[in-house]
Amino acid sequence: DRFAIPIYHSFRYEAVPGELLSLIPQPHALITTRGLEWPLTEESLELGTREGARNRASAKTVEVDIHSGSLFFFCDANLPLAPELV
1 DRFAIPIYHS FRYEAVPGEL LSLIPQPHAL ITTRGLEWPL TEESLELGTR EGARNRASAK
61 TVEVDIHSGS LFFFCDANLP LAPELV
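Letter by letter, the sequence shown follows residues 1 to 86 in the numbering used here.
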């Protein structure tokens with residue numbers, strides 16, 4: 001199972017290394033990530049144009065700083081280990 005969680009603020013997620021994660025902007029987001037196989041640094045995502053789909057956790061802790069906008073965070077069935085707002 002996969003879950004979609006709406007995210008409006010920076011957050012931290014306890015992942016399983018290799019876990020498939022997606023960051024889908026709603027409709028725009030400017031973000032920085034840590035702990036992903038393909039990290040993003042102050043990258044602009046736009047729905048339908050440039051999305052953060054199908055990334056993978058490279059560490060046990062994944063951090064996403066949302067500088068502006070919002071996104072849906074898709075993760076595997078690791079709930080209740082839901083994202084922690086930071």
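Cβ coordinates follow ideal geometry from the N, Cα and C atoms, glycine included. None of the values given here were measured: they were computed from a predicted structure.
According to DSSP, is THR49 helix, strand or coil?
By one-based count along the sequence shown, residue 49 stands at place 49. Here THR49 sits in coil by DSSP.
Cutoff 6 Å; reference SER68; Cβ partners in own chain excluding five residues on either side
To locate residue 68, count along the sequence shown from 1; it is residue 68. Contacts found: LEU30.
Look at the alpha carbon of GLU19 and the alpha carbon of PHE73, and state the distance between them as a whole number of angstroms.
Counting from one through the sequence shown, the residue named residue 19 turns up at place 19. Counting from one through the sequence shown, the residue named residue 73 turns up at place 73. Cα-Cα distance, rounded: 13 Å.
TYR8 by DSSP, collapsed to three states: which one?
Indexing the sequence shown from 1 puts residue 8 at position 8. Coil at TYR8, not helix or strand.
Contact set for LEU47: own chain, Cβ-Cβ below 8 Å, skip 5 residues either direction:
On the sequence shown, residue 47 is found 47 positions in, with the first residue counted as 1. ILE24, PRO25, GLN26, PRO27, HIS28.
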